[in-house]
Amino acid sequence: VVTKIILNSTFSEDALSEIESFSHLEIIFYFHLVESSNIETGARHPRNDKTLPKVGIFAQRGKNRPNQLGLTTVKVVKREGRELTVAGLDCI
Numbered sequence: 001v002v003t004k005i006i007l008n009s010t011f012s013e014d015a016l017s018e019i020e021s022f023s024h025l026e027i028i029f030y031f032h033l034v035e036s037s038n039i040e041t042g043a044r045h046p047r048n049d050k051t052l053p054k055v056g057i058f059a060q061r062g063k064n065r066p067n068q069l070g071l072t073t074v075k076v077v078k079r080e081g082r083e084l085t086v087a088g089l090d091c092i
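Just so we're aligned, residue 1 is where the sequence shown starts under the UniProt record's numbering, counting upward by one.
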């Protein structure tokens with residue numbers, strides 16, 4: 001999946017200067033669609049699969065994390081101004 005990440009106007013385009021010299025980037029994102037009533041603070045079955053043992057929410061990639069932060073690694077395709085085109089973005 002190829003995706004565009006666009007920095008808002010708070011940042012000038014030179015904030016991304018030379019970022020295309022990297023092959024990959026780590027993107028930290030906010031799970032903005034998770035409702036506070038769904039946040040998990042303990043252990044659960046990964047992917048809600050009861051055949052898997054329960055593990056703590058911080059030991060898995062669940063979206064209902066208390067900090068609502070996610071991390072994914074992407075391949076840099078190109079940069080144009082404040083637009084960064086990447087491949088492999090895995091977030092919602």
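Ideal Cβ placement from N, Cα and C applies to all residues, glycine included.
Bear in mind that the values here come from a model prediction, so they are computed numbers and not experimental data.
The region 61-73 makes contact with the region 10-28: 3 or more CB pairs, one atom from each, lie closer than 8 Å. Checking the DSSP bridge columns, you'll see Lys-4 partnered with Thr-85. For Val-76, the enclosing beta strand (DSSP E) starts and ends at 69-80. When rounded, the separation of the alpha-carbon atoms in Leu-84 and His-32 is 21 Å. Excluding residues up to 5 positions away in sequence, Leu-16, Ile-19, Glu-20, Thr-85 lie with their Cβ nearer than 8 Å to the Cβ of Arg-79 in the same chain.
Leaving aside the five residues that flank Tyr-30 on each side, the residues in its chain whose CB is nearer than 7 Å to its CB run, in chain order, Gln-68, Leu-69.
Sequence-distant partners of Asn-64 (beyond 5 residues in either direction) whose C-beta falls short of 6 Å from its own C-beta, in its chain, are Val-34, Asn-38, Ile-39, Glu-40. Phe-58 carries a helical assignment under DSSP once its states are collapsed to helix, strand and coil.
Scanning Arg-47, Pro-66, Gly-81, Gln-60 for the CA closest to the CA of Ser-36 turns up Pro-66.
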